[in-house]
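Novice:
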Amino acid sequence: SLFSRGISPGTMWSAAAVRAPAVSAPGRRGRSNPARTSVVVRLGKWPKVIGGVRSWRGIKFDEFSFEVKKCGDGQAAEELMREFLESDGLDHDFCQSAFDTVHLAYKQRRPPEEIALLQDMATTFMRAHRQKTQLPEEFLADALLMSFQTKDAEAASSGDADAARRIAQIRAELRRVFVDGKPPEMTGIMGYASDPTVATANQVDLSKFLTHLEKCKARAREDAKWGRSMAAVAIDANEMAVQEFEDPMEELAKSKRAFTETADRIKALQEIIKDELFAR
Numbered sequence: 101s102l103f104s105r106g107i108s109p110g111t112m113w114s115a116a117a118v119r120a121p122a123v124s125a126p127g128r129r130g131r132s133n134p135a136r137t138s139v140v141v142r143l144g145k146w147p148k149v150i151g152g153v154r155s156w157r158g159i160k161f162d163e164f165s166f167e168v169k170k171c172g173d174g175q176a177a178e179e180l181m182r183e184f185l186e187s188d189g190l191d192h193d194f195c196q197s198a199f200d201t202v203h204l205a206y207k208q209r210r211p212p213e214e215i216a217l218l219q220d221m222a223t224t225f226m227r228a229h230r231q232k233t234q235l236p237e238e239f240l241a242d243a244l245l246m247s248f249q250t251k252d253a254e255a256a257s258s259g260d261a262d263a264a265r266r267i268a269q270i271r272a273e274l275r276r277v278f279v280d281g282k283p284p285e286m287t288g289i290m291g292y293a294s295d296p297t298v299a300t301a302n303q304v305d306l307s308k309f310l311t312h313l314e315k316c317k318a319r320a321r322e323d324a325k326w327g328r329s330m331a332a333v334a335i336d337a338n339e340m341a342v343q344e345f346e347d348p349m350e351e352l353a354k355s356k357r358a359f360t361e362t363a364d365r366i367k368a369l370q371e372i373i374k375d376e377l378f379a380r
């Protein structure tokens, strides 16, 4: 969970080239899919065939990005991305390889447009993986928190149309999920899922959702108070790796601002929830 782990808003990357389509990850949120075993044929090619079924299991991020580059046009690249997002290849190891590849690209000072494309692809994959594996309460919290700005409520009252639109979308999603009992549609930075299908067993529980937000806010406040490193807390980065990119003291200062912003953003969402769901 991005906000659960303390990552500040606004750290998601924008596309510089081909943008992956916004699609819902398959499977039930908060539950992992069992691995399948069979004889692999067409060794050394992607996707492989396992028991007569196309499989991407075991592919690394750099290998898949190479497959994307081989596509003849943007439409072919989008189709390949859609297939992969629904495949067995999107697992924790693949997401770890995505993080490692982007980190290496930075370290090697690759061209900015190449880094931007790798970042955009990695973000898409990691978000889809979270949607597939997170508890629904955690995923909805992340999606809502990444869909507005902390000062939006105040700005909307002052006539800011964009801020008012974002707040209205948050309110509509809250009513959709907790009043109408429908599955969530919002996915965060990318906006709305093209096919928001959620198993009945995975519908969002309001009590668990509110408890999750309160715990995240308390943790962010505590991390800010004790001057903890966002890199260490959120992504388990080691101190030497952080120093390659950032002065340690500057990183701690940024971390404090990020944790504070995270807590403030959660508080703002809690106020919207209170007004929309409990004040009527």
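Residue numbers for the sequence shown follow our numbering, beginning at 101 and rising by one. A virtual CB, placed ideally from N, CA and C, is assigned to each residue, including glycine.
Please report how far the alpha carbon of Pro212 lies from the alpha carbon of Gly281, in whole angstroms.
Specialist: The straight-line gap from Cα to Cα measures roughly 44 Å.
Novice: What would DSSP say about Arg210, mapped onto helix, strand or coil?
Specialist: Of the three classes helix, strand and coil, the one that applies to Arg210 here is coil, per DSSP.
Novice: Start and end of the alpha helix (DSSP H) containing Val168?
Specialist: Start and end: Phe161 to Lys169.
Novice: Candidates Met286, Asp262 and Gln208: which alpha carbon is nearest Glu273's?
Specialist: Considering only alpha carbons, the answer is Met286.
Novice: Using the C-alpha atoms, what's the distance from Gly189 back to Ser197?
Specialist: Approximately 12 Å between the Cα atoms of the pair.
Novice: According to the Cβ coordinates, are Ala255 and Ala263 closer than 7 Å?
Specialist: Cβ distance < 7 Å, so Ala255 and Ala263 count as in contact.
Novice: Is the distance from the Cβ of Leu244 to the Cβ of Arg365 below 7 Å?
Specialist: Their beta carbons are not under 7 Å apart, which means Leu244 does not touch Arg365 by this criterion.
Novice: Which partner residues of Val153 appear in the DSSP bridge assignment?
Specialist: Beta-bridge pairing links Val153 to Ile150.
Novice: Alpha carbons only, please: which of Gly174, Met349 and Ala205 is nearest the one belonging to Leu218?
Specialist: It is Ala205.
Novice: Measuring alpha carbon to alpha carbon, tell me which of Met330, Ser257, Glu350 and Leu306 ends up nearest Gln370.
Specialist: Checked all of Met330, Ser257, Glu350 and Leu306; the closest Cα to Gln370 is Leu306.
Novice: What is the C-beta distance between Gly327 and Leu352, in whole angstroms, given that I count them as a contact (C-beta under 8 Å)?
Specialist: Gly327 to Leu352, Cβ: 6 Å. Contact.
Novice: For Met221, which three-state DSSP category applies?
Specialist: Reduced to three states, the DSSP call for Met221 is helix.
Novice: Is the beta carbon of Val277 sitting closer than 7 Å to the one on Val304?
Specialist: Their beta carbons are under 7 Å apart, which means Val277 touches Val304 by this criterion.
Novice: Is the separation between the beta-carbon of Asp242 and that of Thr201 shorter than 7 Å?
Specialist: Cβ atoms of Asp242 and Thr201: not closer than 7 Å.
Novice: Could you spell out the range, first to last residue, of the alpha helix (DSSP H) harbouring Met246?
Specialist: Careful: Met246 lies outside any alpha helix (DSSP H) and carries neither H nor E.
Novice: Taking 7 Å as the threshold (C-beta atoms), are Leu185 and Ala228 in contact?
Specialist: Yes, these two residues count as a Cβ contact at 7 Å.
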